[in-house]
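Numbering (this note's numbering), first residue to last: 894 to 1847.
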């Protein structure tokens, strides 16, 4: 019968042999710490422990002890152990250990970014297991883990903090791998418990020696133990190697010296053990030390030019002497220090030659490209064409789940090639592209500059500049992108397909910059040529481009028609959806819909498009989907849900390490908090939006300027509010073009006019009015445009009839905050003309719309105005007041609770509610914060006690 009491099973005073036959000595403090973590996880809250120390100090031994104790407590244990060549492996060992595929591999080949898809796959599997039993995730030798597993270890302990999961990592303290350092930083920020295993005291080493020998060690052996620097593994091996005290005396002096962190005495002891073995065993161990801690027996035999059967006696000898084990499908050194000692005893020239031969043998046998890559790098070149092909495959495979690691590998391989080798330039171009998907954007651009300075051929230079331009565009620095594109297009003898790509990217840059005329003039034959292409992605891309230029010209109906056609074709063609934002058809379609009478269709388009993007592994696009949904929900007056989507956008961008989070999401959060009346939080979001806009100033500058102006307006700083708009809007409507205006959804346009008039900046108000007239002249098919124009005219001219028309128009558009604003403006105009009786109903309607939207700040302002007019306004309903506790939960948050009580995982809840799992994650964080709890267990208990488990009603 298994115990369910972690307190008992982790009592450090109990016998703790973990199947090794030797007691774990000198680690009572560490056992107590992991016992504490297990108790926390049993209570329903996640925890993380990092065990750090030198090789052989007992990290694996402690993990084995924890594994045994946790299983006795009823934990589901997931264990992963890394090897050196895993550093270049695509995929995730953690995913394999969980068998968490769930269709992950289907259709994954060829995708350019699977990071979030893989992360979600692992998270879903762990969360599902944690619903049934507490889970212990053990990762040994994490410093060598594959990049995808490291990505999961950096991200999932925070995301799954409310699930019953204990994460325990063992890592070498001297590792210099940058990705491991980032894991350390992220886990420290999450509050992980750090356990540093130091040297054991002499007394404990003598206890270990006594455990091995079955008797107290002799004085000579005790002196020998002082030379192992408190390392228990070395102590055990030395005791086993030198049972003869005379030999101990002879070797004791060597034990004090170190070579590459291994005591010379230990290396000599391993060498002495090899001298006692038959030659077949020695050669097998030497070749095996090159192949890795775990190695394939057949591969070792081929490298030795032998038949497998002829080496059986050598295998038996290596097993009998305790250097190898054969517990799994591959032979393995009992500890990596043993492998390292054998490997370091080989002459350097021999090691290099064996690594080169290992790479050739593994490549011929069809081994994982990651293993081949590791051996090529260890051999240090030269590299033939076949090896480069294999290595390029390894880089591409790795790029889908770990672009930063792929970039590092590509640069290492490039370093093995001659300076002007075309293959080298290709690898460096790929490396820059992969780095551009991470926070290491500056490294990517520096790499482009450094490669260009070496002198490359025109097509190679054009490719490099195209990569740089796309990186700049993704970061929002459109001006820098256009500089690279112009220089690339000026180069001679470019292949036609490359030139078309450059022109398309340049046209998109013009759209970003709001220069629609230049976009339309970008090679007039490009559009026609694209429509003749047999590549569906090219056709869809040009349809989106045409839709964008028409949209920003104000021809909304035709823009919508093309956007819908592009989206339909994209869904029908499996290779199309890999276009970059905002060229993803469904994402662009949602942008167009937000400015039309079909606002209600936006949610469906975004929901279907995002689920398709997630299924295809287009993780890099997810922040854009969430940000676009936040904008649409804000336009619909769903403030709480808009805030959740904006937060989800930032959270996903953080998981993906996107350098420039979309400032649009921060601006939405600022606008939401202004409406709610929390100006302090609005200021925080605005500061973050301003800091994040940077080079995004042109593309998202109007969003940030609008938030800045609305905040100043809410604070009563009229002139400052108008000044915030002047720089962004004045001069933006040359020839009354609506281009800049259309970067914001329609319900925001009257606010610009109102703030400008209040701050004595009539030129901005007039400019908006002129752009609206142009928009109406070009396309009068949208009722929302007519309502907004009437609203603006009413504000500009103090015309109650125009405002009355605006109120009537808004009532059918599904924009409650726009309706509330028009009602308030009309009420103020009537009240100013002493027509108080007719003004009051409009203020009251504005109150109702503000309350329905969760705009508590607007609601309070309107109630104050009603009181000034002599109306005794009732208090808001309790469930609309933003107070701590159950009453503060939003409708969307309440919907989740009965599903949590039913035991559904976050993924299952997302599927049930047709939302993103990242949206559910954000809702759950809000619920826990508002209720002051930390676990799903506590939430379930509270819901059952309140009787809310069935329907989530408050």
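All residues carry an ideal CB built from backbone N, CA and C; glycine is no exception.
With a CB to CB cut of under 6 Å and the five nearest residues on each side skipped, what residues in its chain are close to residue i?
{"i": "residue 969", "result": "1022, 1026, 1028"}
{"i": "residue 1828", "result": "937, 938, 1055"}
{"i": "residue 1303", "result": "1288, 1320, 1323, 1324"}
{"i": "residue 1264", "result": "978, 1255"}
{"i": "residue 922", "result": "none"}
In the DSSP output, which residue or residues are listed as bridge partners for residue i?
{"i": "residue 1087", "result": "943"}
{"i": "residue 1029", "result": "970, 1059"}
{"i": "residue 1878", "result": "For the chain, the structure presents residues 894 to 1847; residue 1878 sits outside this window and is missing."}
{"i": "residue 1065", "result": "946"}
{"i": "residue 1187", "result": "1225"}
{"i": "residue 1218", "result": "1225"}
What are the boundary residues of the beta strand (DSSP E) that includes residue i?
{"i": "residue 1789", "result": "Careful: residue 1789 lies outside any beta strand (DSSP E), inside the alpha helix (DSSP H) at 1784-1794."}
{"i": "residue 1224", "result": "1224-1226"}
Quick one: Cα of residue i to Cα of residue j, how far?
{"i": "residue 1419", "j": "residue 1427", "result": "14 Å"}
{"i": "residue 1739", "j": "residue 1713", "result": "4 Å"}
{"i": "residue 1320", "j": "residue 1289", "result": "10 Å"}
{"i": "residue 1830", "j": "residue 1536", "result": "26 Å"}
{"i": "residue 1503", "j": "residue 1075", "result": "29 Å"}
{"i": "residue 985", "j": "residue 941", "result": "19 Å"}
{"i": "residue 1314", "j": "residue 1328", "result": "21 Å"}
{"i": "residue 1645", "j": "residue 1572", "result": "19 Å"}
{"i": "residue 1185", "j": "residue 924", "result": "31 Å"}
{"i": "residue 1532", "j": "residue 1010", "result": "28 Å"}
{"i": "residue 1778", "j": "residue 1343", "result": "57 Å"}
{"i": "residue 1731", "j": "residue 1612", "result": "31 Å"}
{"i": "residue 971", "j": "residue 944", "result": "17 Å"}
{"i": "residue 1166", "j": "residue 1134", "result": "7 Å"}
{"i": "residue 1599", "j": "residue 1618", "result": "7 Å"}
{"i": "residue 1851", "j": "residue 1465", "result": "For the chain, the structure presents residues 894 to 1847; residue 1851 sits outside this window and is missing."}
{"i": "residue 1099", "j": "residue 1222", "result": "36 Å"}
{"i": "residue 1201", "j": "residue 1207", "result": "10 Å"}
For the alpha helix (DSSP H) containing residue i, name the first residue and the last one.
{"i": "residue 853", "result": "Beyond the ends of the chain as shown, which are 894 and 1847, falls residue 853; an answer cannot be given."}
{"i": "residue 1376", "result": "1371-1382"}
{"i": "residue 1276", "result": "Neither: residue 1276 is in no alpha helix (DSSP H) and is coded neither H nor E."}
{"i": "residue 1455", "result": "1449-1465"}
{"i": "residue 1808", "result": "Where residue 1808 is concerned, there is no enclosing alpha helix (DSSP H), given that its DSSP letter is neither H nor E."}
{"i": "residue 1642", "result": "1642-1651"}
{"i": "residue 1752", "result": "1749-1761"}
{"i": "residue 924", "result": "921-935"}
{"i": "residue 1687", "result": "1676-1690"}
{"i": "residue 1532", "result": "1532-1548"}
{"i": "residue 1663", "result": "1655-1671"}
Can you list, in chain order, the residues of its chain whose CB lies under 7 Å from that of residue i, leaving out five sequence neighbours each side?
{"i": "residue 1374", "result": "1362, 1365, 1366, 1402"}
{"i": "residue 1570", "result": "1749, 1750, 1753"}
{"i": "residue 999", "result": "For residue 999, the predicted model reports a pLDDT of 39, less than 50, meaning its position is unreliable and no value from the coordinates is stated."}
{"i": "residue 1643", "result": "1681, 1684, 1685, 1688, 1714"}
{"i": "residue 1528", "result": "1487, 1492, 1638, 1640, 1708"}
{"i": "residue 1262", "result": "1283, 1286, 1287, 1290"}
Excluding the 5 residues flanking residue i on each side, which residues of the same chain have their C-beta closer than 8 Å to its C-beta?
{"i": "residue 1669", "result": "1678, 1679, 1682"}
{"i": "residue 1837", "result": "1794"}
{"i": "residue 1785", "result": "1533, 1534, 1537, 1816"}
{"i": "residue 1665", "result": "1631, 1634, 1642, 1678, 1681, 1682, 1685"}
{"i": "residue 1803", "result": "1809, 1810, 1812, 1813"}
Please decide whether residue i counts as near chain E, where near means a Cβ-Cβ distance under 8 Å.
{"i": "residue 1235", "result": "Given the protein chain composition of this structure (a single chain), no chain E is represented."}
* Asked: Between the stretch 1237-1245 and the stretch 1213-1227, do at least 3 Cβ pairs fall closer than 8 Å?
  -> no
* Does the pairing of the stretch 945-957 with the stretch 1120-1132 give three or more beta-carbon distances under 8 Å? -> yes
* **Any 3 or more C-beta pairs closer than 8 Å across the stretch 1082-1090 and the stretch 1110-1120** => no
* Three-pair Cβ contact test at 8 Å for the stretch 1683-1694 versus the stretch 1719-1735 -> yes
* To do: Check whether the stretch 1434-1449 touches the stretch 1483-1493, taking contact to mean three or more Cβ pairs, one atom from each stretch, closer than 8 Å.
  => yes
* Asked: Pairing CB atoms from the stretch 1744-1756 with CB atoms from the stretch 1790-1809, are three or more of them under 8 Å?
  -> no
* Counting pairs of Cβ atoms below 8 Å between the stretch 920-935 and the stretch 1066-1075, do you hit three or more? -> no
* Report yes or no: do three or more beta-carbon pairs, one from the stretch 1644-1658 and one from the stretch 1539-1548, lie closer than 8 Å? => no
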